[in-house]
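Engineer: In our numbering, the protein residues as written are 24 to 332.
Here it is as structure tokens:
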């Protein structure tokens, strides 16, 4: 009853995606801008370079498949009705009560769709499909019953609605509004540059989190340097949590030399370390002007290190 024609592309986190990136087959515009990648990765855009076909040819073939499906097989709603009618005719006299109930469900579906017949007989894609819809209507009336007066009136309303829809589509009127995204916790241009740099140079300093422990009397100082992204934040969080559970000293978390901190990485600290709140003090980064690096909330939550002295 239904057909699906999708242009399959790689999904991040899958072996296929890793293979496409390794073979340098992901289209350059998506490599450079991940936001653009996620916006276009819908099944209707060619994401991967092809040795024989261009992007326009691949997307054109998909459009051709949908058009041929509609021209040869007709609108999917009538194909669904044909399947419901066939199932009703096959199950209505079944010895199984459960299957007879299933047949009644199919019958109700067919009756509910009766008003759409008039539209198909007038607006079908070609004469052959319109003849097929008329034959399907006659078979439905023979097996399920004649339409009621209300269904006939609804058919006229359906025809008017279909005509209005066809007019607005051809004139491009009252279509879906252009998207107006509302962005929450969206990364700033500086954050994006740092993230892209870290992805391009995973072994570089920007993608690395370095930390060292210094113990003085009953206080252990932990110095963080480099970038605190989600991946290395999770590894550090696990190590830090084990140290907190194993030892009883107070900790000072020194972030003065931290160059970048991901919001979700910081949220991980909130959730995991809040049980040790009375033992942790924080020295915030010295970098100013970047909302993601404003760790005032984190500092106040654990109290600044200066207050511990």
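Glycine included, each C-beta is placed from N, C-alpha and C at the ideal position. Here the structure is a predicted model, which means the values were calculated and not measured.
In the DSSP assignment, find the unbroken alpha helix (DSSP H) run with residue 184 in it and report its ends.
Structural biologist: Within the chain shown, numbered from 1, the residue matching residue 184 stands at position 161. That run of the alpha helix (DSSP H) goes 172 to 194.
Engineer: So, using beta-carbon positions, are residue 141 and residue 126 closer together than 7 Å?
Structural biologist: Residue 141 sits at position 118 when you count from the first residue of the chain shown. Residue 126 sits at position 103 when you count from the first residue of the chain shown. Not a contact, by the Cβ cut-off of 7 Å.
Engineer: Taking the straight line between their C-alpha atoms, what separation do you get for residue 182 and residue 145?
Structural biologist: Start at 1 with the first residue of the chain shown, and residue 182 comes out as number 159. Start at 1 with the first residue of the chain shown, and residue 145 comes out as number 122. Their Cα atoms are separated by approximately 9 Å.
Engineer: Determine the closest residue to residue 35 out of 25, 54, 27, 29, with distance taken between C-alpha atoms.
Structural biologist: Position 12 of the chain shown, counted from the first residue, corresponds to residue 35. For the residues 25, 54, 27, 29, the minimum Cα distance to residue 35 belongs to 54.
Engineer: Using DSSP with H/G/I as helix, E/B as strand and the rest coil, what is residue 140?
Structural biologist: To locate residue 140, count along the chain shown from 1; it is residue 117. Residue state, collapsed to three classes: helix.
Engineer: Could you tell me the alpha carbon to alpha carbon distance between residue 317 and residue 243, rounded to whole angstroms?
Structural biologist: Taking the first residue of the chain shown as position 1, residue 317 is located at position 294. Taking the first residue of the chain shown as position 1, residue 243 is located at position 220. With a pLDDT of only 47 at residue 317, under 50, the local geometry of the prediction cannot be trusted, and no value is derived from it.
Engineer: Just to confirm my understanding: we take residue 291, look at its own chain, exclude 5 residues before and 5 after, and list those with CB closer than 7 Å. What are they?
Structural biologist: Translated into positions along the chain shown, residue 291 becomes position 268. If we look at residue 291 and ignore the five residues flanking it on each side, its Cβ neighbours are 256, 257, 260.
Engineer: Note the first and the last residue of the continuous beta strand (DSSP E) segment covering residue 298.
Structural biologist: By 1-based counting over the chain shown, the position of residue 298 is 275. First-last for residue 298: undefined, no H or E at that position.
Engineer: Counting only runs of 4+ residues fully inside the segment 35 to 65, write out the alpha helix (DSSP H) ranges in chain order.
Structural biologist: You should have 38 to 45, 51 to 55, 57 to 63.
Engineer: Could you pull the start and end residues of the beta strand (DSSP E) that residue 246 belongs to?
Structural biologist: Along the chain shown, read from residue 1 onward, the residue named residue 246 stands at position 223. Taken as a continuous stretch (DSSP letters only), the beta strand (DSSP E) holding residue 246 covers 242 to 251.
Engineer: Starting from residue 160, follow the alpha helix (DSSP H) in both directions and report where the run begins and ends.
Structural biologist: Mapped onto the chain shown, residue 160 falls at position 137. That run of the alpha helix (DSSP H) goes 150 to 166.
Engineer: Less than 7 Å separating the beta-carbons of residue 139 and residue 167?
Structural biologist: Counted from its first residue, the chain shown places residue 139 at position 116. Counted from its first residue, the chain shown places residue 167 at position 144. Result no, Cβ atoms of residue 139 and residue 167 do not sit closer than 7 Å.
Engineer: So residue 147 and residue 97 are supposed to be a Cβ contact under 8 Å. How far apart are they, rounded?
Structural biologist: In the chain shown, the residue the question calls residue 147 occupies position 124. In the chain shown, the residue the question calls residue 97 occupies position 74. About 7 Å; that satisfies the 8 Å criterion.
Engineer: With 16 other CB atoms within 10 Å as the buried threshold, where does residue 334 fall?
Structural biologist: Only positions 24 to 332 of the chain appear in the structure, and residue 334 is not among them; the question remains open.
Engineer: Once the 5 residues before and after residue 159 are set aside, which same chain residues still bring their CB inside 7 Å of it?
Structural biologist: Reading the chain shown from its first residue, position 136 is the one you call residue 159. For residue 159, where only same-chain residues beyond five positions count, the Cβ hits under 7 Å are 101, 104, 105.
Engineer: For residue 133, is the classification buried or exposed, using 16 other Cβ atoms within 10 angstroms of its Cβ as the cut-off for buried?
Structural biologist: The residue labelled residue 133 in the question sits at position 110 within the chain shown. Per the 10 Å Cβ criterion, buried.
Engineer: Nearest-angstrom Cα distance between residue 254 and residue 287?
Structural biologist: Stepping through the chain shown from its first residue, residue 254 is reached at position 231. Stepping through the chain shown from its first residue, residue 287 is reached at position 264. One C-alpha to the other measures close to 10 Å.
Engineer: Could you pull the DSSP bridge partners for residue 304 from this structure?
Structural biologist: Locating residue 304 in the chain shown gives position 281, counting from the first residue. Looking at the DSSP assignment, residue 304 forms a beta bridge with 275.
Engineer: Around the Cβ of residue 119, are there at least 16 other Cβ atoms within 10 angstroms (buried) or fewer (exposed)?
Structural biologist: Sequence index remark: in the chain shown, residue 119 carries index 96 (1-based). It counts as exposed.
Engineer: From residue 143 to residue 195, what distance separates their C-alpha atoms?
Structural biologist: Numbered from 1 along the chain shown, position 120 holds the residue referred to as residue 143. Numbered from 1 along the chain shown, position 172 holds the residue referred to as residue 195. When rounded, the distance between both Cα atoms is 22 Å.
Engineer: With distances taken Cα to Cα, identify the nearest neighbour of residue 299 among 75, 283, 307, 275.
Structural biologist: In the chain shown, counting from the first residue as 1, residue 299 sits at position 276. Residue 275 is the option with its Cα nearest to residue 299.
Engineer: Put residue 29 into one of helix, strand or coil per three-state DSSP.
Structural biologist: By 1-based counting over the chain shown, the position of residue 29 is 6. Three-state DSSP puts residue 29 in coil, outside helix and strand.
Engineer: Looking only at its chain, what residues have a beta carbon closer than 7 Å to the beta carbon of residue 43, apart from the 5 residues adjacent to it on each side?
Structural biologist: Residue 43 sits at position 20 when you count from the first residue of the chain shown. The residues are 33, 49, 71.
Engineer: Measuring only the C-alpha atoms, how far is residue 73 from residue 95?
Structural biologist: Working through the chain shown from its first residue, we reach residue 73 at position 50. Working through the chain shown from its first residue, we reach residue 95 at position 72. Each residue's Cα considered, the two are about 29 Å apart.
Engineer: Whose CA, out of 267, 283, 302, lies closest to the CA of residue 252?
Structural biologist: Residue numbering aside, residue 252 sits at position 229 when the chain shown is read from its first letter. The shortest Cα separation from residue 252 among 267, 283, 302 belongs to 283.
Engineer: DSSP three-state call for residue 289: helix, strand or coil?
Structural biologist: Mapped onto the chain shown, residue 289 falls at position 266. The answer is helix: DSSP assigns residue 289 an H, G or I state.
Engineer: Which residue marks the beginning of the alpha helix (DSSP H) containing residue 86, and which one marks its end?
Structural biologist: Walking along the chain shown from the start, residue 86 turns up at place 63. Per DSSP, residue 86 belongs to the alpha helix (DSSP H) from 78 to 96.
Engineer: Using only the alpha-carbon positions, how far apart do residue 69 and residue 289 sit?
Structural biologist: Taking the chain shown and counting its residues from 1, the one referred to as residue 69 is at position 46. Taking the chain shown and counting its residues from 1, the one referred to as residue 289 is at position 266. Approximately 36 Å, taken between the alpha carbons.
Engineer: Compare the C-alpha of residue 91 against each of 191, 197, 27 and name the closest.
Structural biologist: Looking up residue 91 in the chain shown gives position 68. It is 27.
Engineer: Keeping to the same chain, check which residues put their C-beta closer than 6 Å to that of residue 295; ignore five residues upstream and five downstream.
Structural biologist: Here the question's residue 295 lines up with position 272 in the chain shown. Same-chain partners within the cutoff: 260, 264.
Engineer: Near residue 89, what residues of its chain come up, given a Cβ to Cβ distance below 7 Å and the 5 sequence neighbours on each side ignored?
Structural biologist: On the chain shown, residue 89 is found 66 positions in, with the first residue counted as 1. Closer than 7 Å at Cβ, skipping near neighbours: 28.
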